[in-house]
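The structure appears right after this line, and notes come after that.
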Amino acid sequence: MGNRTPLAATLAANSISTAGTSLTLIGVPWFVLETTGSAGRAGVVAFCATLPIVVAALTGGPVIDRFGRRRTAIVSDAVCAAAIAAIPLLHFAGLLDFWMLCALMALNGFSHTPGNTARYVLIPDLAEHAGTTLPRAASLFDAVSRGARMVGAALAGILIAFVGAETVLLLDAATFGLSALLIAAGVRGVRAAEPRKAEAPVSLRAYGTELREGYAHVLGNRLLLAVVVMVMFMNGTDQGWYAVLLPVHAEAELGGATHIGLLTALFGAGGLTGALLYGAVGHRFPRRAVFTVCVILCGAPRFLVAAVTGTTLPLAVTMLLGGIAGGVLNPILTTVVYERVPDRLRSRVSGALTAGSEFAMPVGGLAAGLLVEGVGATGALLAMGGVYFLATLSPLVFPSWRTLDDVPGAETVQKAPGPEPVPSAQAPAPAPVSSSGASRPTPGP
1 MGNRTPLAAT
11 LAANSISTAG
21 TSLTLIGVPW
31 FVLETTGSAG
41 RAGVVAFCAT
51 LPIVVAALTG
61 GPVIDRFGRR
71 RTAIVSDAVC
81 AAAIAAIPLL
91 HFAGLLDFWM
101 LCALMALNGF
111 SHTPGNTARY
121 VLIPDLAEHA
131 GTTLPRAASL
141 FDAVSRGARM
151 VGAALAGILI
161 AFVGAETVLL
171 LDAATFGLSA
181 LLIAAGVRGV
191 RAAEPRKAEA
201 PVSLRAYGTE
211 LREGYAHVLG
221 NRLLLAVVVM
231 VMFMNGTDQG
241 WYAVLLPVHA
251 EAELGGATHI
261 GLLTALFGAG
271 GLTGALLYGA
281 VGHRFPRRAV
291 FTVCVILCGA
301 PRFLVAAVTG
311 TTLPLAVTML
321 LGGIAGGVLN
331 PILTTVVYER
341 VPDRLRSRVS
351 GALTAGSEFA
361 MPVGGLAAGL
371 LVEGVGATGA
381 LLAMGGVYFL
391 ATLSPLVFPS
401 WRTLDDVPGA
411 ETVQKAPGPE
421 PVPSAQAPAP
431 APVSSSGASR
441 PTPGP
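According to full-length UniProt numbering, the sequence shown holds residues 1 to 445 in order.
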């Protein structure tokens, strides 16, 4: 029997941090709409919050390895706690200008990504340390995260209605602090969590070499590129949905922030159910068939339902069913990345995947705000839902997806870094999809 404490501490820290992120996901857009009344400004804040995520992902992989995954997770959560807490505190003091809000959200986005990645890439080593199987640990990681999103979203809707968005943001800051403490106290004695001895002296040249190794691993594989491109469009439209379209729709048609919390919680409940179902029985079926059906059903229908109805019930049912479909995606892609990416490249490859799959997120939030102000909420929902649907047809269109069921042998896992030949189909999962769940070191709701 292994030592399960590090795995349990990481799962707990990730769930608490994820619940807090759900508070931010609902609290910040609502705070902006309450204080400015502008969907366009909500889009600007979303842009400022997500652009640094891409920058951090583009450059952060080698830093995580050199600084240490445990240290990275602790420092990341501590900085996020300070950035989020500063928003309501400055607002209460009458000192919060709009540019300050944008800057603090940018700092939060830049700091949050390395911590998410560090926790995510530790799971295989923590599973071995705990004496459990990798598929079980991957499914548990996703299920716990989705349960946390469900709880966080429900709490956000209720708390905003009763105590205001500012208090919700203070609670979010506290969750980041607690996450940092759990990692500091619980993740000890795991070699993979500590700083790695540099293979070359610290220099820009060595850093660039390490960074290129991760991108070479991604660019050398057609399946991996197909996954990243599809998830990039999904993430972009999801960001528009949560940062702008759902808050605007809830304010105009559904009755306020409590409905956002209810709908997001239902999506999270569905995701938790889907992840558990896949862990129990889904892995017995071909990955590609299951993934293709679920990815088409997980996201686009909610845009259409919101566009053509003005009541909560149809959208609630749609989001619950979409969440179940989305819950299946992360265990598939997470297992694939853990199977096929060597440990020494995992942080670098995950950073490259995060950067690629989240590249459109800044544009998605900004575009949603501009579309609402330009063509109205209904037109914006239909336009972004159409983009989502076209993106999810990718597994039916591109032949590279046929290799999703391939399982590499032990010799493939241990191969030296570098581009893989197309038939071997190295397929690490992209970093989190904001809502549908195609795995990031943390999918959002």
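We put the CB at the ideal spot given by N, CA and C, even for glycine. All of these numbers come straight from a predicted model, not from anything done at the bench.
Quiz item: Who are the near neighbours of valine 169 in its chain, counting only those whose CB is closer than 6 Å to its CB and skipping five residues on each side?
Solution: The displayed chain sequence assigns leucine, not valine, to residue 169. Excluding positions up to five away in sequence, the list reads Gly27, Ile84, Ile87 and Pro88.
Quiz item: Looking at C-beta atoms only, is the number of pairs between the stretch 34-47 and the stretch 62-79 that lie closer than 8 Å three or more?
Solution: no
Quiz item: Would the beta-carbon of alanine 39 fall within 8 Å of that of glycine 240?
Solution: no
Exercise. Taking all protein chains shown into account, decide if proline 419 is buried (16 or more other Cβ within 10 angstroms of its Cβ) or exposed.
Key: Unreliable placement is indicated for proline 419, whose pLDDT of 33 sits below 50; the coordinate value is still reported in the next sentence. Classification for proline 419: exposed.
Self-check item: Cβ-based burial, glycine 374 [other Cβ within 10 Å; buried from 16]
Solution: exposed
Self-check item: Own chain residues within Cβ distance below 7 Å of alanine 56, not counting five before or after
Solution: Phe110, Thr113 and Pro114
Quiz item: When DSSP labels each residue in this structure, what does arginine 4 get in the three-state scheme?
Solution: coil
Practice problem: Taking only runs that begin and end inside the stretch 263-315, name each unbroken beta strand (DSSP E) of 3 or more residues, in chain order. | Solution: none
Self-check item: Range covered by the alpha helix (DSSP H) that runs through phenylalanine 359
Solution: Neither: phenylalanine 359 is in no alpha helix (DSSP H) and is coded neither H nor E.
Exercise. Whole angstroms is fine: what's the gap from arginine 69's alpha carbon to alanine 82's?
Key: 20 Å
Practice problem: Grab the span of the alpha helix (DSSP H) containing glutamate 251 for me, first residue to last. | Solution: It is not in any alpha helix (DSSP H) - glutamate 251 carries neither H nor E in the DSSP assignment.
Practice problem: Can you have a look at valine 308 and say buried or exposed, based on whether 16 or more other CB atoms are within 10 angstroms of its CB? | Solution: exposed
Quiz prompt | Alpha carbon of alanine 380 to alpha carbon of leucine 246, nearest angstrom | solution = 11 Å
Quiz prompt | Unbroken alpha helix (DSSP H) run spanning aspartate 172, endpoints | solution = 165-186
Self-check item: Buried versus exposed call for tryptophan 401 [16 or more other C-beta atoms within 10 Å across all chains shown]
Solution: buried
Quiz prompt | C-alpha distance - valine 363 paired with threonine 50, whole-angstrom precision | solution = 9 Å
Quiz item: Do the stretch 286-295 and the stretch 170-177 meet, that is, are 3 or more Cβ pairs less than 8 Å apart?
Solution: no
Self-check item: Option in Ala355, Val54, Thr318 and Gly43 with minimal Cα separation from phenylalanine 267
Solution: Thr318
Exercise. Give a yes or no on whether the C-beta atoms belonging to alanine 9 and leucine 140 are separated by under 8 Å.
Key: no
Quiz item: Skipping 5 residues on each side, what residues in its chain have a beta carbon closer than 6 Å to that of alanine 391?
Solution: Met230, Phe233 and Met234
Exercise. Tell me whether the beta-carbon of leucine 25 lies closer than 8 Å to the beta-carbon of tyrosine 242.
Key: yes
Quiz item: Mind checking threonine 133: buried by the 16 CB within 10 Å criterion, or exposed?
Solution: exposed
Exercise. Can you give me the Cβ contacts of glycine 261 inside the same chain, cut-off strictly under 8 Å, excluding the 5 residues immediately before and after it?
Key: Ile26, Ala153, Ala154, Leu155, Ala156, Gly157, Ile158 and Ile160
Quiz prompt | N- and C-terminal bounds of the alpha helix (DSSP H) containing glycine 94 | solution = Segment: none, glycine 94 is in no alpha helix (DSSP H) and carries neither H nor E.
Exercise. Rank Arg302, Arg191 and Glu253 by C-alpha distance to the C-alpha of isoleucine 123 and give the top, closest one.
Key: Arg191
Self-check item: Distance between alanine 19 and leucine 7 (C-alpha atoms, nearest Å)
Solution: 18 Å
Quiz item: Taking buried to mean at least 16 other C-beta atoms within 10 Å of its own C-beta, is valine 397 buried or exposed?
Solution: exposed
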